[in-house]
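Enquirer:
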Amino acid sequence: MSSSNQITLNIYQNGVEYQLPFKPNTNYAIITDLNKCFGCGGCQMSCKEWNTSGMFGPLPDINPYGDLDVMFWLRVLYIEVGNWPQTKVYNIPINCFHCLNAPCVPVCPVGATFKRIEDGIVLVDYTKCIGCKYCIYGCPYGNRLFDPIEGVVKKCTHCFDRIYDPNLPPEERIPACIHGCMVQARIWANILDPTDPGTILFVDKGGFVLGPETGANPASGYLPWRSEYAADEDVELLSQAEYYNVWTGNGVVQLGAQGDNSTYTEGNGQGTNSSQE
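Going letter by letter, the sequence shown gives residues 109 to 385 in my numbering.
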């Protein structure tokens, strides 16, 4: 997330390449309050129902449970930290962050992946996508999935078909994951507007983004856990992108600050997956 309106973007839309720099005034984002999230998976199921109900593709998990392959654009990470019995579990919903400097955009050889000028939403033009998967490897967070049936890459769209639907009541013109959160842990915000309530909350509460070292400059971010629950070293460690890219993980996260028995588990809509007992 950036405090400056001077943003470097690589944008290719409708056959037109937009040169840098570009100064948008809107970039929608989702701010998640990790103090409220208790890992129920409601956001994941709401996203699934609205966007990919009945859509098959590779699981966004490290180790699937069975033959059923299901496509989820949003996943909930359950990260256990510490050594028993001094352990904690952090619940972290993760989906496309619609980065300000999205690394998935410039690697697409046909311009199928683009960042919308109007609102900063990163989308895929399925009519152009050739299924090369370059954007999947370009995303440092593992937030893109290949659909083997249609032969294209798919991802979170910020439910742009909801937020602009005039037939929906105004209070429902938000992404499905926000609408489905029973504890209102997810907040819809325009992070380029300093007067936006979500942006103000992000700044006031010391919000953070995942993987700042990637240079992707994620738009969506998180409100950190209260100090009495999460140690500062945990928050710093859990913000590193290497723990969220499921394409390269092996199921175990060795969180050195908390000991060698820390485990990584991830929700897949059928339960949780853990490689350690």
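Just so you know, even glycine gets a beta-carbon here, dropped at the ideal spot from N, CA and C.
#1: CYS264: which of VAL215, ASN133, ILE202 and LEU318 sits nearest, CA to CA?
#2: Just to confirm before moving on: does the CB-CB distance between LEU300 and ASN191 stay below 8 Å?
#3: Beta-carbon within less than 6 Å of TRP158's beta-carbon, same chain only, minus the 5 sequence neighbours each way: which residues are those?
#4: So, helix, strand or coil for ARG224, using DSSP?
#5: Just how far apart, CA to CA, sit SER161 and GLN152?
#6: Whole-angstrom Cβ separation of ILE139 and ALA297, contact assumed at under 8 Å?
#7: Whether or not the segment 311-331 and the segment 198-217 are in contact is what I'm after, with contact meaning three or more pairs of Cβ atoms, one per stretch, closer than 8 Å; do they touch?
#8: Name the one or two DSSP bridge partners that ARG294 has.
#9: Quick one: Cα of PRO332 to Cα of ALA220, how far?
#10: Once you ignore the five residues that flank CYS155 on each side, which residues in its own chain have a CB closer than 6 Å to its CB?
#11: Would you mind listing the alpha helix (DSSP H) stretches within the segment 248-274 that are 4+ residues and don't spill past its ends, in chain order?
#12: Grab me the residues of ILE289's own chain with a C-beta within less than 7 Å of its C-beta, minus the 5 sequence neighbours each way, in chain order.
#13: Who are the near neighbours of VAL291 in its chain, counting only those whose CB is closer than 6 Å to its CB and skipping five residues on each side?
#14: Rounded to the nearest angstrom, what separates MET179 and GLU279 at their Cα positions?
#15: How would you write the range of the beta strand (DSSP E) that GLY319 sits in, first residue to last?
#16: Is PHE222 buried or exposed, if buried means 16 or more other CB atoms sit within 10 Å of its CB?
#17: Roughly how many angstroms separate the alpha carbons of ASP312 and GLY306, rounded to a whole number?
#18: Who are VAL232's beta bridge partners in DSSP?
#19: If you run the structure through DSSP and keep just helix, strand and coil, what is LEU331?
#20: Is the distance from the Cβ of TYR198 to the Cβ of VAL189 below 8 Å?
#21: Residues bridged to GLY246 by DSSP?
#22: Would you kindly work out how many angstroms separate the C-alpha atoms of ASP273 and VAL218, rounded to a whole number?
#23: Cα separation between CYS212 and VAL261?
Expert: So, from the data block:
#1: Residue 264 sits at position 156 when you count from the first residue of the sequence shown. Here the closest residue by C-alpha is ILE202.
#2: The count along the sequence shown starts at 1 and reaches residue 300 at position 192. The count along the sequence shown starts at 1 and reaches residue 191 at position 83. Cβ atoms of LEU300 and ASN191: not closer than 8 Å.
#3: Residue mapping note: residue 158 aligns to position 50 of the sequence shown, counting from 1. Excluding residues within five positions, the ones whose Cβ falls inside 6 Å are ALA284.
#4: Here residue 224 refers to the residue found at position 116 of the sequence shown. In this structure, ARG224 counts as coil in the three-state DSSP scheme.
#5: The sequence position of residue 161 within the sequence shown is 53, counting from 1. The sequence position of residue 152 within the sequence shown is 44, counting from 1. Between SER161 and GLN152, the C-alpha separation is close to 12 Å.
#6: Numbered from its first residue, the sequence shown carries residue 139 at position 31. Numbered from its first residue, the sequence shown carries residue 297 at position 189. Right, their Cβ atoms sit about 5 Å apart.
#7: yes
#8: Within the sequence shown, the letter at position 186 stands for residue 294. Bridge partners of ARG294: THR140.
#9: Your numbering for residue 332 matches position 224 in the sequence shown. Your numbering for residue 220 matches position 112 in the sequence shown. Their Cα atoms are separated by approximately 34 Å.
#10: Residue 155 sits at position 47 when you count from the first residue of the sequence shown. TRP181, LEU182, ALA284 and CYS285, listed in sequence order.
#11: 268-271
#12: On the sequence shown, position 181 is the one that residue 289 refers to. In the sequence on display, residue 289 carries Cys and not Ile. Excluding sequence neighbours, CYS289 sits near GLY150 and CYS151.
#13: Looking up residue 291 in the sequence shown gives position 183. LYS144.
#14: As a position in the sequence shown, residue 179 is number 71, starting the count at 1. As a position in the sequence shown, residue 279 is number 171, starting the count at 1. Those two C-alpha atoms are separated by around 27 Å.
#15: Along the sequence shown, read from residue 1 onward, the residue named residue 319 stands at position 211. That residue, GLY319, is in no beta strand (DSSP E); it is neither H nor E in DSSP.
#16: What you label residue 222 is simply residue 114 of the sequence shown in a count that begins at 1. Label assigned to PHE222: buried.
#17: Locating residue 312 in the sequence shown gives position 204, counting from the first residue. Locating residue 306 in the sequence shown gives position 198, counting from the first residue. Between ASP312 and GLY306, the C-alpha separation is close to 10 Å.
#18: Along the sequence shown, read from residue 1 onward, the residue named residue 232 stands at position 124. Beta-bridge pairing links VAL232 to THR221.
#19: Sequence index remark: in the sequence shown, residue 331 carries index 223 (1-based). Looking at LEU331 - three-state DSSP - the assignment turns out to be strand.
#20: One-based indexing of the sequence shown puts residue 198 at position 90. One-based indexing of the sequence shown puts residue 189 at position 81. The answer is yes: Cβ separation under 8 Å.
#21: Mapped onto the sequence shown, residue 246 falls at position 138. Answer by DSSP bridge pairing: none, since GLY246 is not bridged.
#22: For the purposes of this step, residue 273 is taken as residue 165 along the sequence shown, with counting starting at 1. For the purposes of this step, residue 218 is taken as residue 110 along the sequence shown, with counting starting at 1. For ASP273 and VAL218, the distance between alpha carbons rounds to 29 Å.
#23: Locating residue 212 in the sequence shown gives position 104, counting from the first residue. Locating residue 261 in the sequence shown gives position 153, counting from the first residue. So the two alpha carbons sit approximately 11 Å from each other.
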